[in-house]
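This report concerns only the one structure given below.
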Amino acid sequence: MMKGTTGIRMRQQSAKAMLEAQLKRGTKPEKINGKTTTNMVALTDGDKKRIQREIDILNNKKSSKAFA
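For the sequence shown, the residue numbers in this note's numbering are 1137 to 1204.
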């Protein structure tokens, strides 16, 4: 496991890639009783706005440090 800023950057990059892929395909994993399933459901407008906001935070290094 990476420690320090290198590990943080790697996690942020992988999170950003996952969010961008989710936004591009327009689906997310369904959750039932708090458990993630393999079923994919369409993103709502609220999901799209939240994902875009999270991507913007990850792109802005100053803001991402505040949330890390």
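By construction, the Cβ of each residue, glycine as well, lies at the ideal position given by its N, Cα and C atoms.
Quick caveat: nothing in here was measured; it's all calculated off a predicted structure.
Opposite residue i in the DSSP bridges: which residues?
| i | result |
| --- | --- |
| MET1176 | PRO1165 |
| LYS1171 | ILE1168 |
Do residue i and residue j have their CB atoms nearer than 7 Å?
| i | j | result |
| --- | --- | --- |
| LYS1152 | LEU1194 | yes |
| MET1176 | THR1163 | yes |
The segment 1143-1157 in contact with the segment 1167-1177 per 3-pair CB rule at 8 Å: Not touching, per the Cβ criterion.
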